[in-house]
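Undergrad: Just dropping this structure here.
Residue numbers (our numbering): 5 to 711.
This is the structure we're talking about:
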C-alpha cells in the first residue's frame, strides 16, 4: 500500500505542477501574446513525462494538456490584434504549435522511453517471471541460454512445438486420460521442460525410418505428429473438449500406437506469412524458430489453445492448459513455432537460435504483457476467489465510478479490517466533495446565464466583478484577468471531470484506490480558484474568516473519520453509524452487541478462501487465530511456490526419465503386438469358421443333386 500511495502522490504532484505551469502560461500569454517562455513548457513536458513513467494514469494529464493547448491555439485564430493572414502565413501559429508539440508531446515520450530503458537495464537477468514472457525475450535475459538447434525440419525430426498465442508453453501429452469424452490420452499445453513435450513428425500415413531418404517438411504438407514418449499420434475427432464444450470445437487427444493408421491423425502444416495470405500451392520449407505455422486437421479445424485450464483429476495432479481443435480459430490462438528440433541425418547442418531482442522490441513486448497482466501473471499466493463479495463491490465502484456517484454517492474502499472492529477505509472528505459539487453546479449555472445574456446582447456586469483585480498584477487589464479566471477554472474543472471519466477506460487490474488522489488534487485547485473568484471583492477579514471556517469544517470531518482512517480504534456498529453517512462505510462489519452468537468471516488464503467461525465477544482471540492460520498457510505455500513456479498458472510436475519413456514405449509396443496377434487369431478363426460353414453347405447340396 505504501508503494502505491507513493506512486499516487507523485502522480498528484505532477498534476499539480501541470496546473501551476498552466497558470504561469496564462499569465505570460496576456503579458505578451504568443510569448510563452520555454521554461514553462519544458517544465510541463517534464512533469507529463515523469507522470506517465510513474503510472499509465499520467496519460490523462497528457490529454488534459493537449485539450488546453488546442483551445489556446484556436483562440489565436480569433485574436483581432493580428490579421488572419499574418497568423496563418507567418510564424505565430507555427511557432506555438511547434513549441507545444516538442515540449508536451515529444519530450514526455522521450522521458518515458528513457525511464523504461533505464528500468530494463537495471533488470537484465533472468527472474521469476520468465515463464510469462515470450521465448525471444526470455532468452535475451542474462542467465537464460537457448542451445542452437537444427534449422531445417525433415520427416523423422523430433520437434518441440511452442504455442505463440499464450504463455501456456509447449504441446504436451502424458499417460493421463480424459475423464470424460473419448477417455483417450490427454493433450495439453505445458510451460516447463519435459520429455513429454517431444513429438516426431511423419508424413501422413507413412512413419519415417532410417532406410528412407531425407525429405524436408514444407508448407502445405500433410503430416502426422507422433508423441515420442508414448508413440501415440496427435488426433482429433467429433467429441467435445472437457472445458470449452462448444459445438464448433473438437477434442484433441493422443491416440493409437505404431501400427494403427487413422485419417484423423492427419494435419496440414500451413505457414503464416507476413502478409497473412494463404498460399495453397506454396512449398516453402518449414524451419525451426523462423517459421510460424498452423496445423489444419482433416476435419477442417485448427489446432489451438487458450488460457483455460483443464479440471483437476482424481489423482490430484495440477491441471494444465486445454488444447482443442476449432474451425474458426484466429491466428492469435492457433499459431505455433518449432523451438527445438533434432534429426540424426542433419547433425552437420546449419543450426539456429533466438536472436537477442532490441530495446524497443523488449519495450513493446513488455507493454503487451502489461495490458494482459491478469491472464499473464497468476500469483499462486493470491486468493483465487474473492473472499468478500461486498469488498469486491466496493472495489468495482471505485474502479468504475460514475460521475454522480463520485460527487454525491457513497464511494469508499476498505483496505483492511479485523473482526475486532478495527478497519482502514479510503474515502473522500465529505466537505471537499460537497464544495466540488457546489462549485461545479455554480460554474455551470454561471456559464448558462452568461451564454443566454450574450445571446440576448444584454450587458453583463462580469467585467466589474473583477474590476479591482488588475491591481494584483501590474500590467493586467480587467478583461485579461477575467479570461485568466475563465481559463483556470475551465482547465481545472475539465481535469476534475476528465480524471473520473477516463478512469472508466483504464484496465481494471491496474486500478488502485490511490488513483483518486490526482482527481482530489485537481478538484481542490478548482474549488480554490472558484472561491478566489467569488470573494475577490470581499474585505480581507471576511475572506480570512471564510478560509478559517472551511479549514475548521474539513478538520472536523477528518477527525470524525480518523478511526477508519488510521484503524487505531475498534468501533461498534452503533459508533460506525454515527460517522458521516456519505462516507460509504460498511457498518455491519464492526463489533456487534449480540454476544454469544456464532458469526463467520471469509479469510483469504493462497489459492483459496476459508470460512472461519467465531463467537461474538471473543473477537481478539479470533483475530489471533486468523493471523496464525494465514501465517502458516502462506509460509507453506511460499516454500512450494518459489521462483517461476509462483507466477504461472500451470505448476510443474515430475517428468518422466529416459528409462520411464523406454518402459512406456516397450509397454505400448507389446500391447500393440498383442492386439495385432489377437486380431490375427480372431481373423484366422473367423476364416476357419467360414470355411467350415462353406464345407457343410457343399455336403448338404450333394444328396439333393443325387435325388
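We put the beta carbon where it would ideally sit given N, CA and C, even for glycine.
Are the region 215-224 and the region 184-192 in contact at 8 Å, needing three or more beta carbon pairs?
TA: No, because fewer than three Cβ pairs between the region 215-224 and the region 184-192 fall closer than 8 Å, the two stretches do not touch.
Undergrad: Would the region 416-436 and the region 676-684 be scored as touching if the rule is three or more Cβ pairs under 8 Å?
TA: Segments in contact, no.
Undergrad: Name the two residues that bound the continuous beta strand (DSSP E) containing residue 330.
TA: Within the chain shown, numbered from 1, the residue matching residue 330 stands at position 326. Note, residue 330: beta strand (DSSP E), 325-330.
Undergrad: So, under 8 Å CB-CB, residue 266 and residue 235 are touching, yes? Tell me the CB distance rounded to an integer number of Å.
TA: Here the question's residue 266 lines up with position 262 in the chain shown. Here the question's residue 235 lines up with position 231 in the chain shown. At roughly 14 Å, the Cβ-Cβ gap does not stay under 8 Å, so residue 266 and residue 235 are not in contact.
Undergrad: Tell me whether the region 290-310 and the region 108-128 touch, counting them as touching only if at least three CB pairs, one residue from each stretch, are closer than 8 Å.
TA: The region 290-310, when compared against the region 108-128, does not touch it at the 8 Å Cβ threshold.
Undergrad: To the nearest angstrom, how far is it from the Cα of residue 55 to the Cα of residue 66?
TA: Counted from its first residue, the chain shown places residue 55 at position 51. Counted from its first residue, the chain shown places residue 66 at position 62. Looking at the two C-alpha atoms, the distance is approximately 9 Å.
Undergrad: Looking at the strands, I want to know which residues DSSP matches up with residue 298.
TA: Counting from 1 along the chain shown, the entry for residue 298 is found at position 294. Its beta-bridge partners are 274.
Undergrad: Just to confirm, is the Cβ distance from residue 311 to residue 269 under 8 Å?
TA: Mapped onto the chain shown, residue 311 falls at position 307. Mapped onto the chain shown, residue 269 falls at position 265. The answer is no: Cβ separation not under 8 Å.
Undergrad: With a Cβ-Cβ cutoff of 8 Å, do residue 580 and residue 562 count as a contact?
TA: Within the chain shown, residue 580 is the residue found at index 576, counting from 1. Within the chain shown, residue 562 is the residue found at index 558, counting from 1. The answer is no: Cβ separation not under 8 Å.
Undergrad: Since residue 380 contacts residue 171 with CB under 8 Å, what's their CB separation in whole angstroms?
TA: Here residue 380 refers to the residue found at position 376 when the chain shown is read from its first residue. Here residue 171 refers to the residue found at position 167 when the chain shown is read from its first residue. Contact holds; Cβ gap of about 6 Å.
Undergrad: Grouping DSSP H, G and I as helix and E and B as strand, with all else coil, what is residue 313?
TA: Here the question's residue 313 lines up with position 309 in the chain shown. Strand, per DSSP.
Undergrad: In whole angstroms, what separates the C-alpha of residue 500 from that of residue 507?
TA: The count along the chain shown starts at 1 and reaches residue 500 at position 496. The count along the chain shown starts at 1 and reaches residue 507 at position 503. Taking the straight line joining both Cα atoms gives about 11 Å.
Undergrad: What span of residues does the beta strand (DSSP E) with residue 120 cover, start to end?
TA: Your numbering for residue 120 matches position 116 in the chain shown. Counting along the chain, residue 120 falls outside any beta strand (DSSP E), though it belongs to the alpha helix (DSSP H) covering 111-126.
Undergrad: On the three-state DSSP scale, how would you describe residue 344?
TA: The sequence position of residue 344 within the chain shown is 340, counting from 1. Strand at residue 344.
Undergrad: Just tell me which of 356, 281, 315 has its CA closest to the CA of residue 154.
TA: Position 150 of the chain shown, counting from 1, holds the residue named residue 154. Nearest C-alpha to residue 154: 356.
Undergrad: When you compare each of 218, 282, 256, 247 to residue 351 by their alpha carbons, which one comes out closest?
TA: Position 347 of the chain shown, counted from the first residue, corresponds to residue 351. Ranking 218, 282, 256, 247 by Cα distance to residue 351 puts 218 first.
Undergrad: Give the C-beta separation of residue 229 and residue 205 to the nearest angstrom, bearing in mind that I take them to be a contact with Cβ-Cβ under 8 Å.
TA: The count along the chain shown starts at 1 and reaches residue 229 at position 225. The count along the chain shown starts at 1 and reaches residue 205 at position 201. Rounded, the Cβ-Cβ distance is 6 Å, consistent with contact.
Undergrad: Can you tell me which of 354, 257, 637, 443 puts its alpha carbon nearest to the alpha carbon of residue 768?
TA: In this structure the chain extends from 5 to 711, so residue 768 is not present and cannot be described.
Undergrad: Is there contact here, the region 274-286 with the region 138-153, by at least three beta-carbon pairs under 8 Å?
TA: Not touching, per the Cβ criterion.
Undergrad: Whole angstroms are fine: how far does the CA of residue 271 sit from the CA of residue 157?
TA: In the chain shown, residue 157 corresponds to position 153, counting from 1. In the chain shown, residue 271 corresponds to position 267, counting from 1. Roughly 16 Å between the two C-alpha positions.
Undergrad: What first and last residue would you give for the alpha helix (DSSP H) that runs through residue 442?
TA: Residue 442 sits at position 438 when you count from the first residue of the chain shown. Here the alpha helix (DSSP H) through residue 442 covers 434-459.
Undergrad: Measuring only the C-alpha atoms, how far is residue 610 from residue 490?
TA: Here the question's residue 610 lines up with position 606 in the chain shown. Here the question's residue 490 lines up with position 486 in the chain shown. Near 54 Å, if we compare the C-alpha coordinates of residue 490 and residue 610.
Undergrad: What is the DSSP secondary structure of residue 247, counted as helix, strand or coil?
TA: Mapped onto the chain shown, residue 247 falls at position 243. Coil.
Undergrad: Between the alpha carbons of residue 365 and residue 254, how many angstroms are there, rounded?
TA: Here residue 365 corresponds to residue number 361 of the chain shown, with the count starting at 1. Here residue 254 corresponds to residue number 250 of the chain shown, with the count starting at 1. Computed Cα separation, rounded: 36 Å.
Undergrad: Between the C-alpha atoms of residue 63 and residue 372, what's the straight-line distance to the nearest angstrom?
TA: Within the chain shown, the letter at position 59 stands for residue 63. Within the chain shown, the letter at position 368 stands for residue 372. Using only the alpha carbons, I get a separation of about 17 Å.
Undergrad: Run the CB neighbour count on residue 68, radius 10 Å, all protein chains shown included, and call it buried at 16 or more, exposed below.
TA: Residue 68 sits at position 64 when you count from the first residue of the chain shown. When all chains shown are included, residue 68 counts as buried.
Undergrad: To the nearest angstrom, report how far apart residue 108 and residue 432 are at their CA atoms.
TA: Here residue 108 corresponds to residue number 104 of the chain shown, with the count starting at 1. Here residue 432 corresponds to residue number 428 of the chain shown, with the count starting at 1. Between residue 108 and residue 432, the C-alpha separation is close to 31 Å.
Undergrad: Report all residues from its chain with a CB closer than 6 Å to the CB of residue 478; omit the five preceding and five following residues, and keep chain order.
TA: Residue numbering aside, residue 478 sits at position 474 when the chain shown is read from its first letter. A caution first: residue 478 carries a pLDDT of 40, below 50, which makes its placement in the model too unreliable to give a value.
Undergrad: Go through its chain and collect everything with a Cβ distance to residue 527's Cβ below 6 Å, but skip five positions before and after it.
TA: As a first step, residue 527 must be located in the chain shown, where it is residue number 523. Same-chain partners within the cutoff: 440, 500.
Undergrad: Closer than 8 Å is the cut-off here; do at least three beta carbon pairs connect the region 611-619 with the region 454-464?
TA: Taking 8 Å as the limit for Cβ pairs, the verdict is that the region 454-464 does not touch the region 611-619.
Undergrad: Compute the Euclidean distance between the alpha carbons of residue 164 and residue 660, then round it to the nearest angstrom.
TA: Position 160 of the chain shown, counted from the start, is the residue given in the question as residue 164. Position 656 of the chain shown, counted from the start, is the residue given in the question as residue 660. So the two alpha carbons sit approximately 16 Å from each other.
Undergrad: Less than 7 Å between C-beta atoms, sequence neighbours within five positions excluded: which residues of the same chain meet that for residue 45?
TA: Within the chain shown, the letter at position 41 stands for residue 45. The residues are 103, 104, 107, 108.
Undergrad: Give me the DSSP bridge partner(s) of residue 607.
TA: Taking the first residue of the chain shown as 1, we reach residue 607 at position 603. According to DSSP, residue 607 bridges with 614.
Undergrad: According to DSSP, simplified to helix, strand and coil, what is residue 653?
TA: Walking along the chain shown from the start, residue 653 turns up at place 649. Residue 653: coil per DSSP, three-state reduction.
Undergrad: For residue 428, which three-state DSSP category applies?
TA: For the purposes of this step, residue 428 is identified with residue 424 of the chain shown, where counting begins at 1. DSSP places residue 428 in strand when its eight states are reduced to three.
Undergrad: Measuring straight from C-alpha to C-alpha, what distance separates residue 333 and residue 339?
TA: Numbered from its first residue, the chain shown carries residue 333 at position 329. Numbered from its first residue, the chain shown carries residue 339 at position 335. So the alpha carbons of these two residues sit roughly 10 Å apart.
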